[in-house]
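Under UniProt numbering, think of the first position of the sequence shown as 1, with each following residue one higher.
Here the structure comes first, spelled out in structure tokens, and everything after it is commentary.
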Amino acid sequence: VEITVSNTRPLPAGAIEALSDELSRRIDEQFPDSTNHVKVRYASANNLSVLGGGKETRDQISEILQQTWESADDWFNTD
């Protein structure tokens, strides 16, 4: 799984690593029988790539990403 985040609005320090860790944890819960590799990086636009998965898998991971992003206040600590 590769997530690119638009570099036009940089995230707070540590956010990329925190997002990668939280997303990895959530994907591992949903797909326990798979080896999951999550990479989050800055790029020119937001994008989600799921390698080795079909449309249903991509849709599930997209939903997990959306839930993770919307709950950032719960898992991302800026202190």
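Glycine included, C-beta positions come from ideal geometry on N, C-alpha and C.
Go ahead and label residue i buried or exposed: buried means 16 or more other beta carbons lie within 10 angstroms of its beta carbon, across all protein chains shown.
{"i": "R9", "result": "exposed"}
{"i": "R25", "result": "exposed"}
Alpha carbons only, please: which of the options is nearest the one belonging to residue i?
{"i": "residue 80", "options": "G53, D73, G14", "result": "Past the boundaries of the shown model lies residue 80; the chain is included only from 1 to 79, so the question cannot be answered."}
{"i": "I64", "options": "V38, A43, S44", "result": "V38"}
{"i": "N7", "options": "L23, Y42, F31", "result": "Y42"}
{"i": "S20", "options": "L48, K55, S44", "result": "L48"}
{"i": "G14", "options": "V40, L51, D59", "result": "V40"}
{"i": "I27", "options": "V50, I61, W75", "result": "I61"}
{"i": "T68", "options": "D33, N46, T4, A18", "result": "A18"}
4-residue-minimum alpha helix (DSSP H) runs that sit fully inside the region 3 to 61, ordered along the chain: For the region 3 to 61, the continuous alpha helix (DSSP H) assignments of 4+ residues that do not extend past its boundaries occur at 15 to 30, in sequence order.
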